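Chains as they are written, first to last, in the numbering used here: chain Z, 33 to 162; chain R, 57 to 334.
The structure is reproduced here in structure tokens:
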């Protein structure tokens, strides 16, 4: 039997999908935000990949930093370093940062052609990718 | 004469049988080579944990920020090393005492762990990038992890180093032997401390005298199992037995490395963790 205090303690540290690098308490997972913008850069880096998206508004353009998993995890979820290039139109859905900064944890990204990439692994295609 | 020939034939038959059995065991062991990940990693990566949580009874869900989410409750069902260990009375009391000093439920807890997982946590990653590669040689079996951690299990008949030549490390000292197609590993000298990479009150906290025995074998061509027994007489009332299952990785055929320093944009500013510009 897992005690409630045990679960409370554990709940502070890790959510799903969960990486071992840090707590995800920084993201508000009760909220989702949808943004339409232009890709500034896909940072294909460890410990996390980031999609930098320029989001226009009435008065200015804001740059959002949208966090993903590591390249290994994203690769197995169908992403590639060239999945998004600077200037690509994109619609992203994310859990926003709790502190109100322009950032969040990526849930899905859809390009101008309607191609959707997410942070869930797709069924194996049957052949190893390399 | 005929009897003598019969004896020779019988001996050859037995030897032949043993040879076949040995060859089969050797082949089974060889089939362990390759890339593996825990069943929990598969469930997390495929979104199965989220789906199960969505279908969980409402009683599992508390108000936002007031306890474990349904997803977390599902995850805890899967991670064997996260279960409460069979502490003795003294450590049960210490564990309960530590749990009383938890921060509130929606704390902006900002723990980060840039260290490698260490043993035994490294054997049960639940992350979507938590795979490992098994390499088997005559003298040792290697477990290679994406973050550069290497677990070396010497199978050349050696013993653990003597007391003057051994000191606790996060990965411990491992020796092994093959029992047919089963790799039996004996590990000691694991540095004392919590079992989880991010230490959490209530989870196992081991002494440096913890002794680990593992029996690793294929359950089928694409399923590997590690039956692990952790004996820590200083802290446990009895040996703790768990079984961790792994699935063969088939959608990528090479090790892709991870690290936590290349582009670490998650920083703590003003006591809160956020994403900093690059």
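The beta-carbon is built from N, C-alpha and C at its ideal position, and this holds for glycine as well. Note that the structure is predicted; figures quoted are calculated from it, not measured.
message = Quick check: what's the CA-CA separation for residue 102 of chain Z versus residue 267 of chain R?
response = The residue given as residue 102 of chain Z occupies position 70 in the first chain. The residue given as residue 267 of chain R occupies position 211 in the second chain. One C-alpha to the other measures close to 33 Å.
Residue 238 of chain R beta carbon less than 7 Å from that of residue 273 of chain R = The residue labelled residue 273 of chain R in the question sits at position 217 within the second chain. The residue labelled residue 238 of chain R in the question sits at position 182 within the second chain. Yes, these two residues count as a Cβ contact at 7 Å.
ask   = Which residue's Cα is closest to the Cα of residue 85 of chain Z: Z:59, Z:78, Z:66?
value = As a working mapping, residue 85 of chain Z is identified with position 53 in the first chain. When each option's Cα is compared against that of residue 85 of chain Z, the closest is Z:66.
query = Can you list, in chain order, the stretches of the beta strand (DSSP E) that have 3 or more residues and sit fully within the region 217-259 of chain R?
reply = With a minimum length of 3 residues, the continuous beta strand (DSSP E) runs that stay inside the region 217-259 of chain R are 229-235, 238-244.
ask   = So does the region 209-223 of chain R actually touch the region 325-332 of chain R, counting three or more Cβ pairs closer than 8 Å?
value = Taking 8 Å as the limit for Cβ pairs, the verdict is that the region 325-332 of chain R does not touch the region 209-223 of chain R.
request  = Identify whether residue 214 of chain R lies in helix, strand or coil by the three-state DSSP scheme.
outcome  = Translated into the one-based positions of the second chain, residue 214 of chain R becomes position 158. In this structure, residue 214 of chain R counts as coil in the three-state DSSP scheme.
Bounding residues of the beta strand (DSSP E) (the contiguous stretch that carries residue 284 of chain R) = Residue mapping note: residue 284 of chain R aligns to position 228 of the second chain, counting from 1. Judged by DSSP secondary structure, residue 284 of chain R falls within the beta strand (DSSP E) whose first and last residues are 279-287.
ask   = DSSP beta-bridge partners for residue 90 of chain R?
value = In the second chain, residue 90 of chain R corresponds to position 34, counting from 1. Bridge partners of residue 90 of chain R: R:190.
key: Listed by chain order, chain R residues near residue 127 of chain Z by CB distance under 9 Å   = Taking the first chain and counting its residues from 1, one reaches residue 127 of chain Z at position 95. Those do not exist, as residue 127 of chain Z stays about 12 Å from chain R at its closest Cβ, beyond 9 Å.
inquiry  = Tell me whether the region 228-246 of chain R and the region 146-155 of chain R touch, counting them as touching only if at least three CB pairs, one residue from each stretch, are closer than 8 Å.
reply    = Not touching, per the Cβ criterion.
ask   = Per DSSP, residue 83 of chain Z is paired with what?
value = Numbered from its first residue, the first chain carries residue 83 of chain Z at position 51. BP columns for residue 83 of chain Z point to Z:74, Z:98.
ask   = Taking the alpha-carbon positions, what's the residue 71 of chain Z to residue 88 of chain Z distance?
value = By 1-based counting over the first chain, the position of residue 71 of chain Z is 39. By 1-based counting over the first chain, the position of residue 88 of chain Z is 56. The C-alpha of residue 88 of chain Z is placed about 12 Å away from the C-alpha of residue 71 of chain Z.
ask   = Which residues in chain Z sit within 8 Å of residue 101 of chain R, going by Cβ to Cβ distance?
value = Sequence index remark: in the second chain, residue 101 of chain R carries index 45 (1-based). Result: 49, 105, 108, 109, 152, 153.
ask   = If we call anything under 7 Å between Cβ atoms a contact, is residue 90 of chain R one with residue 152 of chain Z?
value = As a first step, residue 90 of chain R is located in the second chain; it is residue number 34 there, counting from the start. As a first step, residue 152 of chain Z is located in the first chain; it is residue number 120 there, counting from the start. Residue 90 of chain R places its beta carbon 7 Å or farther from that of residue 152 of chain Z.
message = Using beta carbons (cut-off 7 Å, strictly below), is residue 198 of chain R in contact with chain Z?
response = Along the second chain, one-based indexing puts residue 198 of chain R at 142. False, the Cβ-Cβ gap to chain Z never drops below 7 Å.
request  = Inspect the CB distances between the region 204-214 of chain R and the region 134-148 of chain Z and report whether three or more fall short of 8 Å.
outcome  = At 8 Å Cβ cutoff, the stretches do not touch.
key: Opening and closing residue of the alpha helix (DSSP H) in which residue 147 of chain R lies   = As a working note, residue 147 of chain R is residue 91 in the second chain. 145-155 is the span of the alpha helix (DSSP H), which, as asked, contains residue 147 of chain R.
message = Taking 7 Å as the threshold (beta carbon to beta carbon), is residue 308 of chain R in contact with chain Z?
response = As a working note, residue 308 of chain R is residue 252 in the second chain. Taking Cβ atoms only, chain Z reaches closer than 7 Å to residue 308 of chain R, which makes this a yes.
request  = Please state if the CB of residue 108 of chain R and the CB of residue 93 of chain R are separated by a distance shorter than 7 Å.
outcome  = For the purposes of this step, residue 93 of chain R is taken as the residue at position 37 of the second chain. For the purposes of this step, residue 108 of chain R is taken as the residue at position 52 of the second chain. For residue 93 of chain R and residue 108 of chain R, no; Cβs fall outside 7 Å.
inquiry  = Give me, in chain order, the residues of the same chain whose beta-carbon lies closer than 8 Å to that of residue 148 of chain Z; leave out the 5 immediate sequence neighbours on both sides.
reply    = The residue labelled residue 148 of chain Z in the question sits at position 116 within the first chain. Excluding residues within five positions, the ones whose Cβ falls inside 8 Å are 140, 141, 142.
Nearest residue (CA-CA) to residue 262 of chain R, options R:271, R:270, R:252 = For the purposes of this step, residue 262 of chain R is taken as the residue at position 206 of the second chain. Per the Cα distances, R:252.
ask   = Which class does residue 276 of chain R belong to by DSSP, given the choice of helix, strand or coil?
value = In the second chain, residue 276 of chain R corresponds to position 220, counting from 1. Looking at residue 276 of chain R - three-state DSSP - the assignment turns out to be strand.
request  = Could you check the C-alpha separation between residue 2 of chain Z and residue 205 of chain R for me, to the nearest Å?
outcome  = Shown here, chain Z extends from 33 to 162; a query on residue 2 of chain Z therefore has no answer.
query = What are the start and end residues of the beta strand (DSSP E) that includes residue 199 of chain R?
reply = Position 143 of the second chain, counted from the first residue, corresponds to residue 199 of chain R. First-last of the beta strand (DSSP E) with residue 199 of chain R: 196-200.
key: Alpha-carbon spacing of residue 101 of chain R relative to residue 62 of chain Z, whole angstroms   = Against the second chain, residue 101 of chain R aligns to sequence position 45. Against the first chain, residue 62 of chain Z aligns to sequence position 30. For residue 101 of chain R and residue 62 of chain Z, the distance between alpha carbons rounds to 20 Å.
key: Neighbouring residues, chain Z, relative to residue 314 of chain R (Cβ below 7 Å)   = The residue labelled residue 314 of chain R in the question sits at position 258 within the second chain. Neighbourhood of residue 314 of chain R in chain Z, by CB distance below 7 Å: 78, 79, 102, 104, in chain order.
query = Short check: CB of residue 110 of chain Z to CB of residue 154 of chain Z, under 7 Å?
reply = Counting from one through the first chain, the residue named residue 110 of chain Z turns up at place 78. Counting from one through the first chain, the residue named residue 154 of chain Z turns up at place 122. If you check the CB distance, residue 110 of chain Z and residue 154 of chain Z come in under 7 Å.
query = Between the C-alpha atoms of residue 163 of chain R and residue 139 of chain R, what's the straight-line distance to the nearest angstrom?
reply = Start at 1 with the first residue of the second chain, and residue 163 of chain R comes out as number 107. Start at 1 with the first residue of the second chain, and residue 139 of chain R comes out as number 83. Note that residue 163 of chain R has pLDDT 41, beneath the 50 cutoff, so the model's placement of it is unreliable and the number below is only indicative. Rounded to whole angstroms, residue 163 of chain R to residue 139 of chain R spans 23 Å at the Cα level.
task = Confirm the yes/no value for this check: CB of residue 82 of chain R, any heavy atom of the ligand NAP, distance under 6 Å.
result = Within the structure as shown, the ligand NAP is missing, as the structure has no ligands at all.
ask   = What residues of chain Z sit near residue 226 of chain R, judged by a beta carbon separation below 8 Å?
value = By one-based count along the second chain, residue 226 of chain R stands at place 170. Within chain Z, no residue comes near residue 226 of chain R; the closest Cβ sits about 14 Å away, beyond 8 Å.
key: Sequence-distant residues of its chain with Cβ nearer than 8 Å to residue 110 of chain R (five each side left out)   = Counting from 1 along the second chain, the entry for residue 110 of chain R is found at position 54. These residues qualify, in order along the chain: 126.
message = Which same chain residues end up closer than 7 Å to residue 58 of chain Z when comparing Cβ atoms and leaving out the 5 residues on each side of it in sequence?
response = Within the first chain, residue 58 of chain Z is the residue found at index 26, counting from 1. Within the same chain, residue 58 of chain Z has close Cβ partners 129, 130.
ask   = Where does residue 76 of chain R land, buried or exposed, given buried means 16+ other C-beta within 10 angstroms?
value = For the purposes of this step, residue 76 of chain R is taken as the residue at position 20 of the second chain. Residue 76 of chain R should be labelled exposed.
task = Output yes if chain Z places a C-beta closer than 7 Å to the C-beta of residue 205 of chain R; else output no.
result = Reading the second chain from its first residue, position 149 is the one you call residue 205 of chain R. No Cβ of chain Z is located within less than 7 Å of the beta carbon of residue 205 of chain R.
query = Could you give the residue range of the alpha helix (DSSP H) that holds residue 128 of chain Z?
reply = Against the first chain, residue 128 of chain Z aligns to sequence position 96. Element bounds for residue 128 of chain Z: not the alpha helix (DSSP H) but the beta strand (DSSP E), 121-128.
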